[in-house]
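Residue numbers (my numbering): 22 to 373. Just so it is clear, CB atoms sit at the ideal spot from N, CA and C, and this is done for glycine as well. Written out below as structure tokens is the structure these notes cover.
Right under this line is the structure:
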């Protein structure tokens, strides 16, 4: 009887602690929920428009693949982390913990490889236009390969994260949480894995910045030549108009050509911004990881404010997955045009 009463008391304490921690994590949950909602909507539109309304190319293939990864992140990974924040003392499934952390790693690492492929593809198209280009068929095979590679690289996550015990006031280690394994924390394995991850991240950052710097230099050279040619054409048109008075209608065409000449520059800018956001979004995440590794029984030995800050840092890469489609929309005229056309069709159908 006393044991049953003790169990009931401890269960009540766990419920009270979870309710209290829910208040602590509420800003993080709200933050994730907002990005999850906008991310699902935005990536659905991005997938549809790039898949069915854009000309098939290697760039289009990579963007569709990135949109799928971002959509999976918003539809599966974010809800899982929201569930973890709702159950900081009562997450009972070890299998679900291991599998979901592994799945998140596969999707996130695949996104990183796709970002690298996009940068490499832009470099080939802009800086080596006469060289051998990646075919659409080859790009699809490469996407399959990077998913397999990401799966292999993510396998350690099945062992690093497990269901761990957590102290519940007077009741002892009866709480359960999905976290880095306490037994592995005493070894070099988790630290070494994340150090290698940081080194790979730094290498990617340097490589991507070099590629986009070379692209920017080349685009600047091309743009300078185009500007010079357009100035010469406009000067000739102006001179011919004075002589004959019948070329004025061609000037708007030159302006149109000028606008069209800026489209490749805009495309490169879009992918540069996406790459920069993707790379920088992992800085807080790695800070959070090493912060947790440096403190034994992190969740039991830090204040609620520190726990909340760490949660924000740990999940810093999620907003990037929701923001990407809106970068396409703001910077790509073709995307905006197709999106407007889609909304008009939806409106017309709804009014019938």
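Leaving aside the five residues that flank residue 338 on each side, the residues in its chain whose CB is nearer than 6 Å to its CB run, in chain order, 302, 303, 306. Annotation: the continuous alpha helix (DSSP H) that includes residue 148 extends over 115–148.
Per DSSP, the continuous beta strand (DSSP E) segment holding residue 196 begins and ends at 194–201. At the C-beta level, residue 332 and residue 64 stay beyond 9 Å of one another. In the DSSP assignment, residue 183 falls within the beta strand (DSSP E) that extends over 182–188. Taking one beta carbon from each stretch, the region 115–131 and the region 205–212 have fewer than 3 pairs nearer than 8 Å; the two do not touch.
The count of Cβ pairs closer than 8 Å, one atom from the region 97–117 and one from the region 142–157, stays below three, leaving the stretches out of contact. Taking the Cα of residue 130 as reference, the smallest distance to any Cα among 150, 168, 96 is reached at 168. With the rule of 3 Cβ pairs closer than 8 Å, the region 180–197 does not count as touching the region 135–143. Bounds of the alpha helix (DSSP H) holding residue 331 are 325–335. Excluding residues up to 5 positions away in sequence, 63, 64, 67, 87, 88, 91, 295, 298 lie with their Cβ nearer than 8 Å to the Cβ of residue 345 in the same chain. Taken through DSSP and simplified to helix, strand or coil, residue 296 comes out as helix. If you draw a straight line from the Cα of residue 362 to the Cα of residue 348, it is about 18 Å long.
Contact between residue 111 and residue 197 holds, with the beta-carbon distance rounding to 6 Å and staying under 8 Å. Scanning its chain for C-beta atoms nearer than 7 Å, with the 5 sequence neighbours on each side dropped, one finds around residue 174 the residues 130, in chain order.
In this structure, residue 176 lies away from residue 80, with their beta-carbon atoms at least 9 Å apart. The alpha-carbon of residue 315 is positioned some 10 Å away from that of residue 309. Annotated three-state conformation of residue 111 is strand, per DSSP. For residue 311, the enclosing alpha helix (DSSP H) covers residues 303–315. Residue environment analysis places residue 29 among the exposed positions, since fewer than 16 neighbouring C-beta atoms fall within 10 angstroms of its C-beta. Minimum Cα-Cα distance from residue 52 among the listed residues 240, 99, 353, 246 corresponds to 99.
Non-local C-beta neighbours of residue 236 in its own chain, meaning closer than 7 Å and more than five positions away in sequence, comprise 143, 144, 147, 148, 289, ordered along the chain. Residue 170 is a Cβ neighbour of residue 134, given a cutoff of 9 Å.
Around the CB of residue 151, fewer than 16 other CB atoms lie within 10 Å, so the residue is classed as exposed.
Proximity to residue 59 across 75, 34, 96, 335 peaks at 96, based on C-alpha coordinates. Proximity of the region 315–331 to the region 68–79 falls short of the contact definition, fewer than three beta-carbon pairs being nearer than 8 Å. Beyond the five residues adjoining it in sequence on each side, residue 220 comes within less than 8 Å, by CB distance, of no other residue in the same chain.
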